[in-house]
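S.K.:
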Amino acid sequence: MSAPQRVKDGSAAEWRQQPERSSVFMLRVMTLISLSLGRRASRAILYGIAAYFLAFAPTARRMSRNYLRRVLELPSPAAVGWRHLFRHFLSFASAVHDRVFLLNDRFDLFDIRVHNQALIDEAVAGGKGVFLIGAHLGSFEVLRAIGRRQPGLRVAMAMYEENARKINAAMGAINPQAQMDVIALGHIDSMIRVHALLDQGAVVGMLGDRTLGTDDTYPVDFLGAPAELPLGPFRMAAVLKRPVLFMAGLYRGGNRYDVHFEALADFSALPPRGRTQAVHEAVTRYAALLARYCRSAPYNWFNFFDFWHAAPPQASRPGQQP
Numbered sequence: 003m004s005a006p007q008r009v010k011d012g013s014a015a016e017w018r019q020q021p022e023r024s025s026v027f028m029l030r031v032m033t034l035i036s037l038s039l040g041r042r043a044s045r046a047i048l049y050g051i052a053a054y055f056l057a058f059a060p061t062a063r064r065m066s067r068n069y070l071r072r073v074l075e076l077p078s079p080a081a082v083g084w085r086h087l088f089r090h091f092l093s094f095a096s097a098v099h100d101r102v103f104l105l106n107d108r109f110d111l112f113d114i115r116v117h118n119q120a121l122i123d124e125a126v127a128g129g130k131g132v133f134l135i136g137a138h139l140g141s142f143e144v145l146r147a148i149g150r151r152q153p154g155l156r157v158a159m160a161m162y163e164e165n166a167r168k169i170n171a172a173m174g175a176i177n178p179q180a181q182m183d184v185i186a187l188g189h190i191d192s193m194i195r196v197h198a199l200l201d202q203g204a205v206v207g208m209l210g211d212r213t214l215g216t217d218d219t220y221p222v223d224f225l226g227a228p229a230e231l232p233l234g235p236f237r238m239a240a241v242l243k244r245p246v247l248f249m250a251g252l253y254r255g256g257n258r259y260d261v262h263f264e265a266l267a268d269f270s271a272l273p274p275r276g277r278t279q280a281v282h283e284a285v286t287r288y289a290a291l292l293a294r295y296c297r298s299a300p301y302n303w304f305n306f307f308d309f310w311h312a313a314p315p316q317a318s319r320p321g322q323q324p
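Per this note's numbering, the sequence shown starts with residue 3, numbered consecutively.
(1) Identify every run of the alpha helix (DSSP H) within the region 140 to 175, keeping only runs that are complete inside it and at least 4 residues long; order them along the chain.
(2) If Leu209 sits next to Ala137, beta carbons under 8 angstroms apart, how far is it from one beta carbon to the other, in whole angstroms?
(3) In the DSSP assignment, find the unbroken beta strand (DSSP E) run with Ala186 in it and report its ends.
(4) Could you give the DSSP three-state label for Ala204: helix, strand or coil?
(5) Apply the 10 Å Cβ neighbour rule to Gly251 and answer buried if 16 or more other Cβ atoms are within range, or exposed otherwise.
(6) Whole angstroms is fine: what's the gap from Asp107's alpha carbon to His99's?
(7) For the candidate residues Arg150, Arg156 and Leu145, whose alpha-carbon lies nearest to that of Lys130?
(8) Once the 5 residues before and after Pro232 are set aside, which same chain residues still bring their CB inside 6 angstroms of it?
(9) Residues bridged to Phe263 by DSSP?
(10) Are the beta-carbon atoms belonging to Val132 and Cys296 less than 7 angstroms from one another?
(11) Alpha carbon to alpha carbon, how far is Phe248 from Arg151? Give it in angstroms, no decimals.
(12) Count the other C-beta atoms from every protein chain shown that fall within 10 angstroms of the C-beta of Val116, then say buried if there are 16 or more, exposed otherwise.
(13) Report the partner residues of Tyr220 according to the DSSP bridge assignment.
(14) Does DSSP put Phe269 in a helix, a strand or coil?
(15) Alpha carbon to alpha carbon, how far is Val144 from Glu264?
(16) Compare the beta carbon distance of Val196 and Ala160 with 7 angstroms and say whether it is the shorter of the two.
(17) Could you say which of Val26, Ser96, Arg258 and Leu199 lies nearest to Phe356 if we only look at CA atoms?
(18) How many whole angstroms separate the CB atoms of Phe224 and Ala293, which I take to be in contact at a CB cut-off of 8 angstroms?
(19) Between Leu104 and the rest of its own chain, which residues show a CB-CB distance below 6 angstroms, the 5 nearest in sequence each way excluded?
(20) Can the beta-carbon of Ser96 be found less than 7 angstroms from the beta-carbon of Leu48?
(21) If I follow the unbroken alpha helix (DSSP H) through Val82, where does it start and stop?
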């Protein structure tokens, strides 16, 4: 595996340039309709949303086709038919729609099955805090249901400021009373705040499958092709010497979600000289776990941008530590 690389202004940040097709106003409308009609009746609007993307979102169609060809192991993008694309967009719309009910604590509407719960139970019981790294795969909001079952579980999200602003606006549109600790990264006190929460025994969640285009990244094999994944989440865990769990909340159709936890890395007793290799190994394992769960639930991947496009890299300085 080659040295970590820095990607600038490439496809790794392409998702930031794509226009937002949802707005606070539309989220409020969807929330009003959904809560008034109930989950079952209001799901009818999801087919219209999926049809809209299928008809009027050429970039999303192209990126969906590229991904589905890889995850379904089809011979070419042309082998991905409109039924595949529609199902992908419908899964995306379903996850967004269910967010309305999850953020309003309507967990009774869902069949949520947790796998390897002992991992998160042990992390919380230890009281030392743990990082939970997920992806734009399925739903991260189903974690709220686990927190409801386990009162001692406190979850905070660490994300870039632009994402923090968007998620706060979205949560406010869906339920102004919904509470979630959101830490905006990139500030002088960001690491201090994360460290303080971990010391209180909190679970700090991050998404490890997107970069801002200025982040250091590491090349991995993902679904049979090279991809660049950000080093930032794993560097933070290594610097703070905490264990890391992988989490995926997969939508299985109907009202069912499967929440999976996997041991990803443990930086608790990591010597500084071994940090670089340990971080690279963690990113590689993350990519392998992400690929495994993408194959398990192929229509749950919600990264509609050119994930595999090779951007001109700039190598990190020799001997640079994460």
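Backbone N, C-alpha and C fix where the C-beta goes; we use that ideal spot for every residue, glycine too.
M.R.: Answer, in terms of the structure:
(1) 145 to 151
(2) Position 207 of the sequence shown, counted from the start, is the residue given in the question as residue 209. Position 135 of the sequence shown, counted from the start, is the residue given in the question as residue 137. Confirmed, Cβ separation roughly 6 angstroms.
(3) Residue numbering aside, residue 186 sits at position 184 when the sequence shown is read from its first letter. Asp183 to Leu187 is the extent of the beta strand (DSSP E) around Ala186.
(4) On the sequence shown, position 202 is the one that residue 204 refers to. Three-state result, Ala204: coil.
(5) Within the sequence shown, numbered from 1, the residue matching residue 251 stands at position 249. Flag for Gly251 reads buried.
(6) Numbered from 1 along the sequence shown, position 105 holds the residue referred to as residue 107. Numbered from 1 along the sequence shown, position 97 holds the residue referred to as residue 99. Answer to the nearest angstrom: the Cα atoms are 14 angstroms apart.
(7) Mapped onto the sequence shown, residue 130 falls at position 128. With distances taken between Cα atoms, Lys130 lies closest to Arg156.
(8) As a first step, residue 232 is located in the sequence shown; it is residue number 230 there, counting from the start. Contacts found: Thr213, Asp217 and Thr219.
(9) Translated into positions along the sequence shown, residue 263 becomes position 261. Met249, per the DSSP bridge assignment.
(10) Counted from its first residue, the sequence shown places residue 132 at position 130. Counted from its first residue, the sequence shown places residue 296 at position 294. It is not a contact, given that the beta carbons lie outside the stated cut-off.
(11) Position 149 of the sequence shown, counting from 1, holds the residue named residue 151. Position 246 of the sequence shown, counting from 1, holds the residue named residue 248. Near 20 angstroms, if we compare the C-alpha coordinates of Phe248 and Arg151.
(12) Within the sequence shown, numbered from 1, the residue matching residue 116 stands at position 114. Result: buried.
(13) As a first step, residue 220 must be located in the sequence shown, where it is residue number 218. Leu231, per the DSSP bridge assignment.
(14) The residue labelled residue 269 in the question sits at position 267 within the sequence shown. Phe269: coil per DSSP, three-state reduction.
(15) As a position in the sequence shown, residue 144 is number 142, starting the count at 1. As a position in the sequence shown, residue 264 is number 262, starting the count at 1. Near 16 angstroms, if we compare the C-alpha coordinates of Glu264 and Val144.
(16) Within the sequence shown, the letter at position 194 stands for residue 196. Within the sequence shown, the letter at position 158 stands for residue 160. Going by C-beta atoms, Val196 is nearer than 7 angstroms to Ala160.
(17) Examination of residue 356 is not possible in this model, given that the chain is present from 3 through 324 alone.
(18) Walking along the sequence shown from the start, residue 224 turns up at place 222. Walking along the sequence shown from the start, residue 293 turns up at place 291. So it is a contact: roughly 6 angstroms between Cβ atoms.
(19) Here residue 104 refers to the residue found at position 102 when the sequence shown is read from its first residue. Within the same chain, Leu104 has close Cβ partners Glu143 and Arg146.
(20) Within the sequence shown, the letter at position 94 stands for residue 96. Within the sequence shown, the letter at position 46 stands for residue 48. Cβ atoms of Ser96 and Leu48: closer than 7 angstroms.
(21) Working through the sequence shown from its first residue, we reach residue 82 at position 80. Where Val82 is concerned, there is no enclosing alpha helix (DSSP H), given that its DSSP letter is neither H nor E.
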